[in-house]
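Protein chains in written order, with the working numbering: chain A, 1 to 198; chain B, 199 to 411. Even for Gly, the Cβ is constructed at its ideal location relative to N, Cα and C.
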Amino acid sequence: MKSVIAMTAPLVDSLAFGEATSLGVAVGIGVAFGWTLERAGLGNARKLVGQFYLTDLTVFKVMFSAVVTAMLGAFWLARLGVLDLERVYIPETWLLPQLAGGLLFGIGFALAALCPGTSCVAAATGRLDGLATVAGMLAGVWITGALIGVLSPLYDATGRGTFTLPNALGVPYGVVVFAVVLMALGGFRFAEWIEARR
Amino acid sequence: MDRGPAITRSRRLLAATALILGGLAAAVGRPAPAAIDVAGLAQEITAEADHVDAIVLANWIRNRRQGLRVVDVRTRAEFDEFHLPTAESAPLEAIAALRPSSAETVVLYSAGGAHAAQAWVLLRALGHRNVFFLAGGLEEWTAEVLTPVIPDDPDLAATMPWSRIVDLSLYFGGTPTRAAEDPHGTRWHRSIDFEGGRTAPDQRPARRWRRGC
């Protein structure tokens, strides 16, 4: 039993891929992700900016659909013993740097009307604003890397470890899953109601 | 071409699927089967991967091992009277409320070791992974960290890094003595891996880069 779980944990571990194969799989997943974003129309900054003017809530609907799909998939794969949730990396909480980074990210998102994933899609489909955003993003990464020594007091401040909703709320995992599904379905209906008003 | 009804139908289908899977999740509760993996736990116990030695724990505490949580499962009164440095109190009846995160390494201890071992089983049954217990309890801590006895026999002395043990003992305010001064003679019969490499493999996920959308 235990060896089965250990073998089937994260996909890359379970198939004992080498680094090259893992990178190949990552590229495949990345292409599929970009394909899906483009099919949803999210390579277009005009479509994304509709989110901020509440005229087109496609971003909300696509992203929340992805959250619900991934959540149900992770829960049931774990339940069926295919995925070991203990070994799935949960990003840690760092209050101050994440608030600062989130604010900066939000400003950039609103200005460019593209986020990192969608800017790559926009660039790949030949949109010049997408190329400019990708260039800006890479410049931002490079500048942050160059200044990491100066930034490290902020970067490492207010670490709070990993948080999950079931742990924070003291509610069974499955109940949180159900609540998020209900939130999503209610949110979709509300989003379409807002869109229909225009 | 009007694809309206087809889209509505597939959306209804997807929404119903999500509702059903979500509802079933709420009924099931846990993302992993609730049954304890008895064979797996027994294997870990046989391989002695369930506990740490007092010297290893002392080394971890001194080195401020990242994510280490030392947990005293004795009663609150006993905890208040004496407890290990950096330890927190979680009496056995409240052990379910401990909820360690996956990034933390928990070391449980009790007076002799039995209650800590039972707490280990309970936490493992709740699905927590990086949990160990101090096999000999506070008695082992007192004997090996606070009052270690260094043998005079040069052959025996060569088998252990005594200077590190003395160093560690002094760090925790202990009083290491030489075997000649100790009426009970030496108590050391085994080798020690300071980093706990054998008894406690480091299973913490490495801190990886943070990801965006």
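CB of residue i within 8 angstroms of CB of residue j, strictly
i: S119/A; j: A112/A; result: yes
i: R194/A; j: L54/A; result: Looking at the sequence itself, residue 194/A is Ile, so the reference to Arg does not match. Yes, the Cβ-Cβ distance between I194/A and L54/A is below 8 angstroms.
i: L290/B; j: H313/B; result: yes
i: L219/B; j: L85/A; result: no
i: L37/A; j: V134/A; result: no
i: D251/B; j: A333/B; result: yes
i: I243/B; j: I363/B; result: no
i: A254/A; j: G34/A; result: Nothing about residue 254/A can be read from this structure; chain A reaches only from 1 to 198.
i: V226/B; j: G174/A; result: yes
i: W339/B; j: I348/B; result: no
i: V68/A; j: V181/A; result: yes
i: L336/B; j: A315/B; result: no
i: R376/B; j: N167/A; result: no
i: L114/A; j: L48/A; result: yes
i: G187/A; j: F64/A; result: yes
i: S300/B; j: T93/A; result: no
i: A223/B; j: F178/A; result: yes
i: A32/A; j: D129/A; result: no
i: P374/B; j: P346/B; result: yes
i: D248/B; j: F330/B; result: yes
i: L321/B; j: V304/B; result: yes
i: A317/B; j: I293/B; result: yes
i: P172/A; j: R228/B; result: yes
Within chain A, partners of residue i - CB distance below 8 angstroms
i: A240/B; result: Correct list: empty, because the minimum Cβ distance to chain A is about 10 angstroms.
i: R327/B; result: E86
Rounded C-alpha distance that separates residue i from residue j
i: G311/B; j: G371/B; result: 22 angstroms
i: D235/B; j: K61/A; result: 40 angstroms
i: G43/A; j: A66/A; result: 16 angstroms
i: R210/B; j: G30/A; result: 29 angstroms
i: L95/A; j: A157/A; result: 8 angstroms
i: L103/A; j: R197/A; result: 30 angstroms
i: E302/B; j: L354/B; result: 37 angstroms
i: A216/B; j: T58/A; result: 19 angstroms
i: A20/A; j: G28/A; result: 12 angstroms
i: A230/B; j: G18/A; result: 28 angstroms
i: L306/B; j: F280/B; result: 15 angstroms
i: I205/B; j: R262/B; result: 58 angstroms
i: Q98/A; j: L366/B; result: 39 angstroms
i: G383/B; j: A295/B; result: Annotation note: pLDDT 49 at G383/B (below 50); position unreliable, coordinate value reported separately. For G383/B and A295/B, the distance between alpha carbons rounds to 43 angstroms.
i: A146/A; j: M137/A; result: 14 angstroms
i: A184/A; j: A26/A; result: 28 angstroms
i: G24/A; j: F75/A; result: 26 angstroms
i: A256/B; j: L266/B; result: 12 angstroms
i: H387/B; j: M358/B; result: Summary for H387/B: the model assigns pLDDT 45, below 50, so the residue's position carries little reliability; its value from the coordinates is reported in the next sentence. Distance between the alpha carbons of H387/B and M358/B is about 10 angstroms.
i: R207/B; j: G117/A; result: 30 angstroms
i: R39/A; j: P91/A; result: 29 angstroms
i: G108/A; j: L77/A; result: 36 angstroms
i: D56/A; j: G106/A; result: 18 angstroms
Cross-chain neighbours of residue i in chain A, by beta carbon under 7 angstroms
i: P283/B; result: Near P283/B there are no residues of chain A at all, since even the closest Cβ is about 21 angstroms away, more than 7 angstroms.
i: P229/B; result: F75, A78, R79, L85 and Y173
According to DSSP, residues forming a beta bridge with residue i
i: E86/A; result: Answer is none; E86/A lacks a bridge partner.
i: D222/A; result: The shown model of chain A, from 1 to 198, leaves out residue 222/A, and the question about it has no answer.
i: V305/B; result: V268/B and F330/B
i: T375/B; result: V347/B
i: G159/A; result: W94/A
i: A285/B; result: V268/B
i: V250/B; result: L332/B
Under 8 angstroms from the C-beta of residue i: neighbouring residues of chain B
i: L185/A; result: A213, A216 and L217
i: N167/A; result: R297 and S299
i: T58/A; result: Chain B residues near T58/A: none, gap ~14 angstroms exceeds 8 angstroms.
i: T162/A; result: S299, S300 and A301
i: I29/A; result: Ordered by position in chain B, no residue passes the 8 angstroms Cβ test against I29/A, which lies about 13 angstroms from the chain.
i: I148/A; result: Under the 8 angstroms cutoff, chain B gives no residues; its nearest Cβ is about 12 angstroms from I148/A.
i: I143/A; result: In chain order: nothing, as chain B lies at least about 16 angstroms away.
Proximal residues of chain B, C-beta to C-beta of residue i below 7 angstroms
i: V181/A; result: A216, L217 and G220
i: F178/A; result: G220, G221, A223 and A224
i: V68/A; result: A216
Closer than 9 angstroms at the beta carbon, the chain B residues around residue i
i: L72/A; result: T215, A216, L219, G220 and A223
i: I194/A; result: Correct list: empty, because the minimum Cβ distance to chain B is about 17 angstroms.
Given 8 angstroms, three or more beta-carbon pairs between the stretch 278 to 290 of chain B and the stretch 236 to 252 of chain B: no
Closer than 8 angstroms is the cut-off here; do at least three beta carbon pairs connect the stretch 76 to 84 of chain A with the stretch 141 to 155 of chain A? no
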